[in-house]
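Okay, structure first, notes after.
Numbering (my numbering), first residue to last: 476 to 993.
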């Protein structure tokens, strides 16, 4: 990125590795083949070239692999990675462990609700504690299982219960298979020496008892039902889930990530059922860990659900820039080759992410993307310029995803703003947006909303960071919003017109009423 504020911005497509670069590599390889063919004085048969097995022959990817690697492991920079060390989260981790330790004593832990903004370490900390809980339970031979559900993906009561039922049934099948192996081995040994029956862990006194137990387990295995992801009554899914959980003695911890998404879409029935099932279980006990970005999440819950949850709350505050640097330094030791980072890379990533409410996930994405851009440049070290380009790329990717998933009415409002900007209208006001929006609705045969509702949609686009809408006073003419785009116009328009309905009106020239500013 140039330091000159008047300089033309670099094309964002170059950041991601342009088609021109790939073409140059291909041309180089093809040119080498053509010159070799000319030296031989013979024409090369494309079919023969395609089937060449000479390991010494230069291929398309050889030039790209020629440089020294920058990464040791990209995976440690991805959100799915759970590190062994989580800087600046010891207080929250210890509080979780203090609550969950009762599971290792065979008791039911309190339910836990974890709050914090995106990228504050909530999920990573909860997964780390859960892994430690399962590891310690094996050490002390206390049956304890943790199941993780991402409610942004699994966002209905049916899907949550179906996924949990199938996960627990898979565990039950494995447990039955292990017991069957042990019983069959015991029967074989008992046929030679019946005294081994008394020394076994099974409550059997004869080979007939062993056979009966094998028969029972095989019947249990055959009775296990796989729950389809759609099609059953919810009551039936719940019953299969309940039986799967209660099949054997254990403490079960169910981790519901993005729990607010589940409640917003499907209500609080899932939480109500999960939080009250302990009173009916005979063999197992269930505890819930809910993870939410919304600090007011419990306001969405029915008072009965809040009461039955009886939760303990843990809040994860945002990281500051210094803490983000610590996190990046820890991860970079595992992620990169020595000396792969220039001195300004980590502070710059931390500074950018600190502006995004202390988002560690954003900081790690920036560092990984900067490394990928350096790889494409075939350099040995990541520089600050790679971080700046990574910031541009990630922001553009975010805008593309947000715009792509907007409802159609919001897309029409945004497209109206873009068309007004293209016509050179400065300080666009709400009335102008509505007039163009109304014309677009006519073009695609959509029912227009009221101007008040369109004003609300403009406010929503402002909250998403796609437009900037400022309320200004026009004196005796009242107040209005002055609106302008906050995102790249061409890229945003391309995303909008990729929608089949808006693509039909691409290139339209709406009528813009002359403005009287006097």
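For glycine and all other residues, C-beta sits at the position ideal for the given N, C-alpha and C.
Extent of the continuous alpha helix (DSSP H) to which residue i belongs
| i | result |
| --- | --- |
| residue 916 | 905–919 |
| residue 685 | 682–698 |
| residue 978 | 975–978 |
| residue 761 | Segment 759–767 is the beta strand (DSSP E) holding residue 761; no alpha helix (DSSP H) there. |
| residue 569 | 565–575 |
| residue 580 | Unbroken run through residue 580: none, as it is neither H nor E. |
| residue 883 | 883–897 |
| residue 938 | 926–938 |
| residue 714 | 709–720 |
| residue 836 | 835–851 |
| residue 970 | 964–972 |
| residue 746 | 744–751 |
| residue 673 | 671–674 |
Opening and closing residue of the beta strand (DSSP E) in which residue i lies
| i | result |
| --- | --- |
| residue 732 | 725–732 |
| residue 956 | 954–960 |
| residue 948 | 942–948 |
Of the residues the options, the one placed nearest residue i, counting alpha carbons only
| i | options | result |
| --- | --- | --- |
| residue 809 | 692, 672 and 558 | 558 |
| residue 800 | 832, 767, 786 and 838 | 838 |
| residue 651 | 638, 639, 673 and 691 | 691 |
| residue 764 | 978, 573, 585 and 569 | 585 |
| residue 562 | 696, 877 and 599 | 599 |
| residue 608 | 637, 632 and 573 | 573 |
| residue 705 | 816, 556, 896 and 634 | 634 |
| residue 719 | 798, 637, 738 and 787 | 637 |
| residue 771 | 735, 742 and 786 | 735 |
| residue 730 | 601, 645, 617 and 875 | 601 |
| residue 643 | 576, 724, 777 and 789 | 724 |
| residue 827 | 627, 866 and 551 | 866 |
| residue 748 | 717, 767, 564 and 759 | 717 |
| residue 930 | 942, 965 and 777 | 942 |
| residue 909 | 899, 671, 901 and 895 | 895 |
| residue 728 | 759, 740, 755 and 812 | 759 |
| residue 595 | 647, 766, 620 and 672 | 766 |
| residue 695 | 654, 768 and 948 | 654 |
| residue 568 | 859, 543 and 603 | 603 |
| residue 830 | 811, 843, 858 and 796 | 796 |
| residue 862 | 819, 880, 619 and 872 | 819 |
| residue 756 | 832, 721, 778 and 779 | 721 |
| residue 575 | 611, 913 and 669 | 611 |
| residue 974 | 875, 928 and 951 | 875 |
| residue 592 | 672, 548, 792 and 666 | 792 |
| residue 882 | 726, 639, 782 and 977 | 977 |
| residue 873 | 858, 961, 798 and 920 | 961 |
| residue 615 | 624, 647 and 581 | 581 |
| residue 780 | 849, 544, 733 and 742 | 742 |
Beta-carbon separation (whole angstroms), residue i vs residue j, contact threshold 8 Å
| i | j | result |
| --- | --- | --- |
| residue 835 | residue 890 | The pair is not a contact, with the Cβ atoms about 35 Å apart (cut-off 8 Å). |
| residue 886 | residue 971 | 6 Å |
| residue 924 | residue 884 | 6 Å |
| residue 897 | residue 933 | Contact doesn't hold; Cβ gap of about 18 Å is too wide. |
| residue 789 | residue 807 | At roughly 28 Å, the Cβ-Cβ gap does not stay under 8 Å, so residue 789 and residue 807 are not in contact. |
| residue 661 | residue 685 | 6 Å |
| residue 578 | residue 750 | With 8 Å as the limit, residue 578 and residue 750 do not qualify as a contact, their Cβ atoms being about 16 Å apart. |
| residue 853 | residue 816 | The pair is not a contact, with the Cβ atoms about 17 Å apart (cut-off 8 Å). |
| residue 746 | residue 775 | No, residue 746 and residue 775 are not in contact; Cβ-Cβ is about 10 Å, not under 8 Å. |
| residue 804 | residue 893 | About 42 Å; that fails the 8 Å criterion. |
| residue 939 | residue 877 | 6 Å |
| residue 903 | residue 980 | At roughly 19 Å, the Cβ-Cβ gap does not stay under 8 Å, so residue 903 and residue 980 are not in contact. |
| residue 945 | residue 954 | Wrong, their Cβ atoms sit about 11 Å apart, outside the cutoff. |
Residues sharing a beta bridge with residue i, DSSP
| i | result |
| --- | --- |
| residue 545 | Per DSSP, none; premise fails for residue 545. |
| residue 857 | 816 |
| residue 587 | 764 and 787 |
Heavy atom of the ligand GTP within 7 Å of residue i beta-carbon
| i | result |
| --- | --- |
| residue 710 | In terms of ligand content, the structure shown is empty, and the ligand GTP therefore cannot be addressed. |
Item to check | Length at least 4, wholly inside the stretch 589–633: the alpha helix (DSSP H) runs in chain order | outcome: Entirely contained in the stretch 589–633, the alpha helix (DSSP H) runs reaching 4 residues are, in chain order, 597–614.
Next on the checklist: Suppose only complete runs of 4+ residues qualify. What are the alpha helix (DSSP H) ranges in the stretch 777–823, listed by chain order?
Outcome noted: For the stretch 777–823, the continuous alpha helix (DSSP H) assignments of 4+ residues that do not extend past its boundaries occur at 778–784 and 796–810, in sequence order.
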